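In the working numbering, the protein residues as written are 464 to 689.
Here it is in structure tokens:
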């Protein structure tokens, strides 16, 4: 079942009946303000000033041996500024986790059948998932540039297994249109496929940058913004 189909059910679980899981904070998280312990409470921006509130339930990418989970929100204003939050847990600790808003795919997360062999192992790489979530529209860096040019700026992404990220950024008109059209997907990258506590060459080199291992750039968590 696709993540988009699961999202309404999980949203009801997370935001309704008081079932609100908490996330601990760790590592660099951007311009954090007003932290409340990381609870998944409904956003106060939901009905203010005509802002559009979108939510993504972040689920493990099938076959990539990820046990984590998370949630992302984007509060998009009429001037295309966006307050973005990402909460994640269960990822590889002491390792950078690139995060992006992907656009112009089918607005979904990849199914298990998107996997191909990487160094002899079935897994879903970033490029394997492109038909589902599309290319990078915005890099969710902790500081500085947020364009696709910063897609692998590993020193400006969260670097802990559990983190809270919050930053207000300016989206391009193109990306903002995709968010409003429900065709944007949040992807958190970086997996520990063989569970040895580090990014290594078990899946070979990354097709995005052969100087990096595939584990460092493969998608870990994914969720459509709805």
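Note that CB positions come from ideal geometry on N, CA and C, so glycine has one too.
These figures come from a predicted structure and were not determined experimentally.
Straight-line CA distance for residue 518 to residue 684?
-> Looking at the backbone, the Cα of residue 518 and that of residue 684 are separated by about 14 Å.
If you count every other CB in all the chains shown that lies within 10 Å of the CB of residue 583, and 16 or more means buried, which is it?
-> So residue 583 ends up on the exposed side.
Inspect the beta-carbon positions of residue 549 and residue 628 and report whether they are closer than 8 Å.
-> Taking C-beta atoms as the reference points, residue 549 and residue 628 count as a pair closer than 8 Å.
Sort out for me which residues DSSP pairs residue 517 with in a bridge.
-> Answer by DSSP bridge pairing, in chain order: 537.
Residue span of the alpha helix (DSSP H) that contains residue 638, given as start and end | Looking at the DSSP string, the run of the alpha helix (DSSP H) that includes residue 638 is 636-643.
Considering only residues of the same chain and omitting the five flanking positions on each side of residue 647, which have a CB-CB separation below 6 Å?
-> Within its own chain, the residues whose Cβ lies closer than 6 Å to the Cβ of residue 647, once the five positions on either side in sequence are excluded, are 564, 566, 641, 688, listed in chain order.
Among 544, 680, 610, 637, which has the Cα closest to the Cα of residue 656?
-> Of 544, 680, 610, 637, the residue nearest in Cα terms is 680.
Please say whether residue 686 and residue 578 have beta carbons closer to each other than 8 Å?
-> Their beta carbons are not under 8 Å apart, which means residue 578 does not touch residue 686 by this criterion.
Within the same chain, show all residues whose beta-carbon is closer than 6 Å to that of residue 602, passing over the 5 residues directly before and after it, in chain order.
-> The residues are 563, 609, 613, 614.
Residue 561 versus 589, 635, 573, residue with shortest Cα-Cα distance = Closest option to residue 561, Cα to Cα, is 589.
Is residue 652 buried or exposed, if buried means 16 or more other CB atoms sit within 10 Å of its CB?
-> Its Cβ being crowded by 16 or more others within 10 Å, residue 652 is buried.
Whole-angstrom distance between residue 631 and residue 552, CA atom to CA atom = The straight-line gap from Cα to Cα measures roughly 22 Å.
Inspect the beta-carbon positions of residue 523 and residue 513 and report whether they are closer than 8 Å.
-> Contact: no.
Can you tell me which of 526, 525, 545, 527 puts its alpha carbon nearest to the alpha carbon of residue 516?
-> In terms of CA proximity to residue 516, 545 leads the group 526, 525, 545, 527.
Contained beta strand (DSSP E) runs [length at least 3] in the stretch 522-573, N- to C-terminal order | As far as the stretch 522-573 is concerned, its whole beta strand (DSSP E) runs of at least 3 residues are 532-539, 544-552, 562-566.
Residue 680 lies in the alpha helix (DSSP H); which residues open and close that run?
-> Under the DSSP assignment, residue 680 falls in the alpha helix (DSSP H) whose first and last residues are 677-680.
Distance between beta carbons of residue 599 and residue 682, contact taken as under 8 Å | Taking C-beta atoms under 8 Å as the contact rule, residue 682 and residue 599 fail to qualify, at a distance of about 12 Å.
DSSP state of residue 594 mapped onto helix, strand, coil = Three-state result, residue 594: helix.
Among 660, 581, 554, 521, which residue has its Cα nearest to the Cα of residue 666?
-> Nearest C-alpha to residue 666 among 660, 581, 554, 521: 581.
Among 591, 547, 633, the one whose alpha carbon lies nearest that of residue 526 | Out of 591, 547, 633, 591 has the C-alpha closest to the C-alpha of residue 526.
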